[in-house]
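Going by this note's numbering, the first residue of the sequence shown is number 2, and it counts up by one from there. Note that the Cβ used here is the ideal one computed from N, Cα and C, for glycine as well.
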Amino acid sequence: MAASMPQSLHPEIEILLNKIINMELRASYVYFSVTYCFSHEDTTLKHFINFSRDISEKKKQHAETFLQFLIKRGGCPVLENIIKPEMSNWLDGLHALQEGLAMEKTINENLLQLYDKAKHKDPHLSNFLDSEFLEEQVKIIRLFGEHITKLKRLGLADKC
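So this is what it looks like as structure tokens:
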């Protein structure tokens, strides 16, 4: 039985995949920071804490899925240092959500850039992005937007 050779990646696509992997890992780290910043005993933000913990885990899973895809296709993972969040002590929940929304929009822009390259150079990757990430990323952005809107409407922006 012959060993199967992985399909090679275009160098530009491999660079973009590594960039997204690192962005997803950083996002996971930031949301992990948010989770525990608001978990101290004088905070009663159970739903907010669960949301940030769940998003942190989801982002880590995204990075792992991209890593597996990269390796399967013969690419080489290039993991960078994860820079700590600028805010190690988040001002409030609204600020943390707004930072998260901005980060998710940046990830989405990079996913769309990768998808655009893949449409022309790598149909397998294009299908992978379409089926695994693009719609889910839009849902994540929408979820952040909904939470921000709810906090503002309830007047809780500075209380969580």
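Sequence-distant Cβ neighbours of His11 in its own chain, meaning closer than 6 Å and more than five residues away, are Lys122. With a contact defined as Cβ atoms closer than 8 Å, Ser57 and Ser40 miss out at about 12 Å. Gly156 sits exposed, since fewer than 16 C-beta atoms from the chains shown fall within 10 Å of its C-beta.
Contact between Gly101 and Gln8 does not hold, since the beta-carbon distance rounds to 35 Å and is not under 8 Å. Within the stretch 43 to 124, the alpha helix (DSSP H) runs of at least 4 residues that lie entirely inside it are, in chain order, 47 to 73 and 94 to 122. For Leu10, there is no enclosing alpha helix (DSSP H), as DSSP gives it neither H nor E. For Phe145, the uninterrupted alpha helix (DSSP H) segment begins and ends at Leu135 to Leu155. Less than 9 Å divides the Cβ of Glu105 from the Cβ of Phe145. The C-beta separation of Gln114 from Leu17 comes to about 7 Å, placing the pair in contact by the 8 Å criterion. Counting C-beta atoms within 10 angstroms of its own C-beta, Asn19 has 16 or more neighbours from the protein chains shown and is therefore classed as buried. For Leu95, the closest alpha carbon among the candidates Phe33, His148, Tyr37 and Tyr116 is that of His148.
In this structure, the alpha-carbon of Ser132 lies about 26 Å from that of Phe33.
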